[in-house]
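A.B. asks: Just passing along the structure, written as structure tokens.
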Amino acid sequence: MITKDIEIEDIVENYPYLVPELAYHGIICVACGEPIWGTLKEQADRKDITEEKFGRIINEMNRIIAEKSADCADRVLKGDRGLC
Numbered sequence: 000m001i002t003k004d005i006e007i008e009d010i011v012e013n014y015p016y017l018v019p020e021l022a023y024h025g026i027i028c029v030a031c032g033e034p035i036w037g038t039l040k041e042q043a044d045r046k047d048i049t050e051e052k053f054g055r056i057i058n059e060m061n062r063i064i065a066e067k068s069a070d071c072a073d074r075v076l077k078g079d080r081g082l083c
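In terms of numbering that gives the first Met the number 0, the sequence shown opens at residue 0 and continues consecutively.
See below:
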């Protein structure tokens, strides 16, 4: 689950599919092949993202995680473990 206090490194490691989505919102997670240091909130503050928009971004990230988890569970039930 994504929270405001999650470390960028944890997002890159555990949810790499979120990196492009965060970049779309102006939150860069990787520079020169290495994760950016700090929390998601610290990066959002550096980009002057409002609290309202930041809340929407977190909700969207958690929705994406939930959809991916549900999709993986469905595929496992069908016998296809693929890239879950």
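Glycine is no exception: its CB is placed at the ideal position from the N, C-alpha and C atoms. Predicted, not measured: the structure shown is a model, and the values here were computed from it.
Rounded to a whole number of angstroms, what is the C-alpha to C-alpha distance between Asp44 and Glu20?
C.D. replies: Roughly 17 Å separates the two Cα atoms.
A.B. asks: Can you say whether Tyr23 is buried or exposed, counting buried as having 16 or more other CB atoms within 10 angstroms of its CB?
C.D. replies: The residue is exposed, with fewer than 16 neighbouring Cβ atoms inside 10 Å.
A.B. asks: Can you give me the Cβ contacts of Ala65 inside the same chain, cut-off strictly under 6 Å, excluding the 5 residues immediately before and after it?
C.D. replies: Same-chain partners within the cutoff: there are none.
A.B. asks: Is the distance from the Cβ of Ile7 to the Cβ of Ile35 below 8 Å?
C.D. replies: Taking 8 Å as the Cβ cut-off, Ile7 and Ile35 qualify as a contacting pair.
A.B. asks: By Cβ distance below 6 Å, which residues in the same chain neighbour Met60 in space, the five residues on each side in sequence not counted?
C.D. replies: These residues qualify, in order along the chain: Ile1, Leu17.
A.B. asks: Is the beta carbon of Thr38 less than 8 Å from the beta carbon of Ile63?
C.D. replies: Going by C-beta atoms, Thr38 is not nearer than 8 Å to Ile63.
A.B. asks: For Cys31, is the classification buried or exposed, using 16 other Cβ atoms within 10 angstroms of its Cβ as the cut-off for buried?
C.D. replies: Cys31 should be labelled exposed.
A.B. asks: Would you tell me roughly how many angstroms separate the C-alpha atoms of Glu51 and Asn58, rounded to the nearest one?
C.D. replies: Between Glu51 and Asn58, the C-alpha separation is close to 11 Å.
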